[in-house]
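Novice:
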Amino acid sequence: MPDESLPIDEPRGSGSPAQGSILYLDGVTVSFDGFKALNALSLVIAPGELRTVIGPNGAGKTTMMDVITGKTRPDAGDVLFDGHVDLTRLDEAAIANLGIGRKFQKPTVFEKLSLFDNLELALKGPRGTLATLFFTLSGEAKDRIGQVLTLVGLTDKAKLPAGQLSHGEKQWLEIGMLLMQDQRLLLLDEPVAGLTDAETEATAALILDLSRDRSLGERSLVVVEHDMEFVRSLAAKVTVLHEGSVLAEGSIDAVQSNPRVVEVYLGR
Amino acid sequence: MTSPLHRLLQFHDRRFWLSFAVVGAVLLGLVPLLNLLPGENSALHLPNYMIPLLGKYLCYGLLALALDLVWGYAGVLSLGHGAFFALGGYAMGMYLMREIGTRGVYGNPLLPDFMVFLAWKELPWYWMGFDHFAFAALMVVLVPACLALVFGWLAFRSRITGVYLSIITQAMTFALMLAFFRNEMGFGGNNGLTDFKDLLGFDLRDQTTKVALYAASVVALGAALLICRFVVASKLGRVMMAMRDAESRVRFLGYSVTATKLFAFTLSAALAGIAGALYVPQVGIINPSEFSPANSIEIAIWVAVGGRGTLVGAILGALAVNAAKTWLTGALPDAWLFFLGALFIAVTLVLPDGLTGLAGRLHRRRPKAPPAREEKHA
């Protein structure tokens, strides 16, 4: 729901490279005490695209997520959402409300609240303090929570405190929370870290479902992952990061046979 | 369409309303009756000194309730709530001082005694208006709330959390204490404000006035409890609890952590101010020692003893600890501070959920063994 108060980047010609993209990063640089976590990183995600991002530790994957979600401000470069909204000037809450959702590496659900309450908090809607104080849940919203619970397979645990879920279930609940927000771009940071093989397979199926699901309009997903089997099972375009910039991009087979990738990442 | 009142009724099961009504009837009906009706020598007579004492406890209960809202639910451990309590108390004290009028020792119609004593010629501007009760009552709420709003905005916006926030709230109340100790501030310095005569024309020494003040404390506490329950049972309450357990996650969901904390902190400060305003006429004095950092820490102990994040528990904690304090400082004056320290250690080690948690555990043990619960430190 973009409105006029959003920082719109200076008008670009119709030939602007950001045109038509959901996420556009160009020349993004972030340094921490002289160490360049991101070094002129450029990345373009198309609407509805499923993209996987891989890279060795310290390649800048998490920093990239931090920049997109407003947690870290880049020293240089453009970060545009929907081709024209400048994300570098917004804070986390504003970016979340814009339609970008993030699932953290370590699942963070609200442990003391029930699954239902967790999803209710994530539900798209007014976020103001007074609006929240006098909020009442509509029947329609309840149905939506029910739908999402079914989608992530946690219907029978709706009333349990989220703290009692297994690690894998917490991951799904968190994905469910992103769905409640009707986000147009989902960033998933290592969604299968620490999961069993069966849970990993179920998660891959869930991500493919989400990518295909058009019931709420087009949804783009960026999945950051270490697990090559998992990345292969998603069969999506792969971006390889190395030392803060893009090393290679393409299908999983093309990337795995790229000698530079083999050298820095796969070959060790 | 559901009105807020309807929702308030919905939020509470019948057991809550039943206990609320019973406790309310006892405090508001039985206690004053036992004091006013039976003769002095009757076995049923409640001694006169008990009324302001109970009233004082209820004010502490309200103060603990206020802290529980912001600490137990929003996860903001303020160790400066004594300051909001004292500011509410000073606002009421200023009204009571102006009410004295020509009955002061120096008989000055405008200036309180301490100003005459300091050879002040005119009333400072910030004492203007305090001769009207309505204005003073407004200030009781506004002054603590505005301080909380400004202080909280600066602190929460800069993402000062945890122990750092606790320390700067201690610094805030300490700074205010030093300021109020100064005669030049115009609040009676070291001696504070005292020698009050009457409130709205009613003599403060009359037993009926004392009972009325006590009853006002009961009503204020009851109303504040309902307001706090309304807040914590709303979606905003769930945002607060979520923020307490995973602050940055709440931010990524699009809620403003700053605004949510600010709401809880400001509402809490206003309630603390009301507690202070009801406290002052019942104890007859307000002085800068109310700002002392140790006082604010004691409030946190009441809440911890009663059980954080339960509202009712905080009130019970305040009543229990203060009853113990009254008894112990009479029976074994030297032992009180050791007792308080031991209590704090015991609660931290053995009773992380306070008395309410203990009651809950005992209650649950009967039908079935309690489910294992991992305790997360706020």
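Residue numbers (UniProt numbering), protein chains in the order written: chain A, 1 to 268; chain B, 1 to 378. Glycine included, C-beta positions come from ideal geometry on N, C-alpha and C.
1) In angstroms with no decimal places, state the Cα-to-Cα distance between Met-94(B) and Trp-125(B).
2) Between Val-246(A) and the rest of its own chain, which residues show a CB-CB distance below 8 angstroms, the 5 nearest in sequence each way excluded?
3) Rounding to the nearest angstrom, what Cα-Cα distance links Ala-86(B) and Phe-291(B) in this structure?
4) Output, in chain order, the set of chain B residues within a Cβ distance shorter than 7 angstroms of Ala-93(A).
5) Give a yes or no on whether the minimum CB-CB distance between Asp-245(B) and chain A is below 9 angstroms.
6) Rounding to the nearest angstrom, what Cα-Cα distance links Gly-20(A) and Glu-247(B) in this structure?
7) Tell me the residue span of the beta strand (DSSP E) that contains Asn-39(A).
8) What are the boundary residues of the alpha helix (DSSP H) that includes Lys-235(B)?
9) Can you tell me the Cβ-Cβ gap for residue 390(B) and Val-31(B), rounded? I've got them flagged as a contact below 8 angstroms.
10) Nearest CA to the CA of Leu-340(B): which residue from Ile-299(B), Gly-357(B), His-363(B)?
11) Which residues in chain A sit within 8 angstroms of Ser-234(B), going by Cβ to Cβ distance?
12) Answer with buried or exposed for Met-128(B), where buried requires no fewer than 16 other C-beta atoms within 10 angstroms of its C-beta.
13) Enumerate in chain order the residues of its own chain whose CB-to-CB distance from Thr-356(B) is below 8 angstroms, with the five nearest sequence positions on each side excluded.
14) By the three-class DSSP mapping on this structure, what secondary structure does Ser-296(B) have?
15) Going straight from the alpha carbon of Leu-69(B) to that of Ala-223(B), what length do you get?
16) Which same chain residues end up closer than 7 angstroms to Arg-182(B) when comparing Cβ atoms and leaving out the 5 residues on each side of it in sequence?
17) From the DSSP output, read off the bridge partner residues of Val-79(A).
18) Whose C-beta lies closer than 6 angstroms to the C-beta of Arg-373(B) among residues of the same chain, with five residues either side of it excluded?
19) Taking the straight line between their C-alpha atoms, what separation do you get for Gly-273(B) and Arg-212(A)?
20) Within the same chain, show all residues whose beta-carbon is closer than 7 angstroms to that of Gly-354(B), passing over the 5 residues directly before and after it, in chain order.
21) Which residues, in chain order, does the stretch 64 to 98 of chain A contribute to contact with chain B at a C-beta distance below 7 angstroms?
22) Would Phe-110(A) and Asp-203(B) qualify as a contact pair, given that the criterion is a beta-carbon distance under 9 angstroms?
23) Between the alpha carbons of Ala-179(B) and Pro-288(B), how many angstroms are there, rounded?
24) According to a CB-to-CB cut-off of less than 9 angstroms, which residues of the stretch 104 to 122 of chain A neighbour chain B?
25) On the premise that Val-257(B) lies in contact with Leu-36(B), defined as a C-beta separation below 8 angstroms, what is that separation, rounded to the nearest angstrom?
26) Between Thr-356(B) and chain A, is there a C-beta pair that is closer than 9 angstroms?
27) Interface residues of chain A around Phe-338(B) at Cβ under 7 angstroms?
28) Taking only three categories from DSSP, how would you classify Thr-239(A)?
29) Going by DSSP, which residues form a beta bridge with Ile-100(A)?
30) Under the rule that 16 or more other beta-carbon atoms within 10 Å means buried, what is Asn-118(A), buried or exposed?
31) Mind checking if Ala-269(B) is an interface residue toward chain A, Cβ cutoff 9 angstroms exclusive?
32) Taking Cβ-Cβ distances shorter than 9 angstroms, what residues in chain B pair up with Thr-129(A)?
33) Between Val-152(A), Val-262(A), Gly-70(A), which lies nearest to Leu-253(B) when the distance is taken from Cα to Cα?
34) Per DSSP, what kind of secondary structure is Gly-255(A) in: helix, strand or coil?
35) Between His-81(B) and Leu-138(B), what straight-line distance do the alpha-carbon atoms span, to the nearest angstrom?
36) Determine, for Ala-242(B), whether the minimum Cβ-Cβ distance to residues of chain A falls below 9 angstroms.
Specialist: Let me lay it out:
1) 13 angstroms
2) Closer than 8 angstroms at Cβ, skipping near neighbours: Leu-41, Ser-42, Leu-43, Thr-239, Val-240.
3) 6 angstroms
4) Arg-251, Gly-254, Tyr-255, Ser-256
5) yes
6) 34 angstroms
7) DSSP places Asn-39(A) inside the beta strand (DSSP E), whose first and last residues are 35 to 45.
8) 235 to 245
9) This structure gives no information on residue 390(B), because the portion of chain B shown stretches from 1 to 378.
10) It is Ile-299(B) whose Cα lies nearest to the Cα of Leu-340(B).
11) Thr-132, Leu-133, Phe-134, Phe-135
12) exposed
13) Counting only Cβ-Cβ distances below 8 angstroms, and skipping sequence neighbours, we find Gly-306, Gly-307, Thr-310, Val-312, Gly-313, Leu-316.
14) helix
15) 14 angstroms
16) If we look at Arg-182(B) and ignore the five residues flanking it on each side, its Cβ neighbours are Gly-189.
17) Leu-25(A)
18) In this predicted model, Arg-373(B) has a pLDDT of only 45, less than 50, meaning its place in the structure is not dependable; the value taken from the coordinates is given anyway. Counting only Cβ-Cβ distances below 6 angstroms, and skipping sequence neighbours, we find nothing.
19) 56 angstroms
20) Ala-304, Val-305, Gly-306, Gly-307, Arg-308, Gly-313, Gly-317, Val-347
21) Listed by position, the residues of the stretch 64 to 98 of chain A near chain B (Cβ gap below 7 angstroms) are Thr-69, Glu-92, Ala-93, Ala-96, Asn-97.
22) Taking 9 angstroms as the Cβ cut-off, Phe-110(A) and Asp-203(B) do not qualify as a contacting pair.
23) 9 angstroms
24) Phe-104, Thr-108, Val-109, Phe-110, Glu-111, Lys-112, Leu-113, Asp-117, Asn-118, Glu-120, Leu-121, Ala-122
25) Not a contact, Cβ separation roughly 50 angstroms.
26) no
27) Residues of chain A whose Cβ lies closer than 7 angstroms to the Cβ of Phe-338(B) do not exist, since the nearest Cβ in that chain is about 34 angstroms away.
28) strand
29) Leu-185(A)
30) Residue burial annotation: Asn-118(A) is buried, with at least 16 other C-beta atoms found within 10 angstroms of its C-beta.
31) no
32) Leu-236, Val-239, Tyr-255, Ser-256, Ala-259, Thr-260, Leu-262, Phe-263
33) Put simply, of Val-152(A), Val-262(A), Gly-70(A) the residue whose alpha carbon is nearest the alpha carbon of Leu-253(B) is Gly-70(A).
34) Correcting the residue identity first, residue 255(A) is Val in this sequence and not Gly. Val-255(A): helix per DSSP, three-state reduction.
35) 19 angstroms
36) yes
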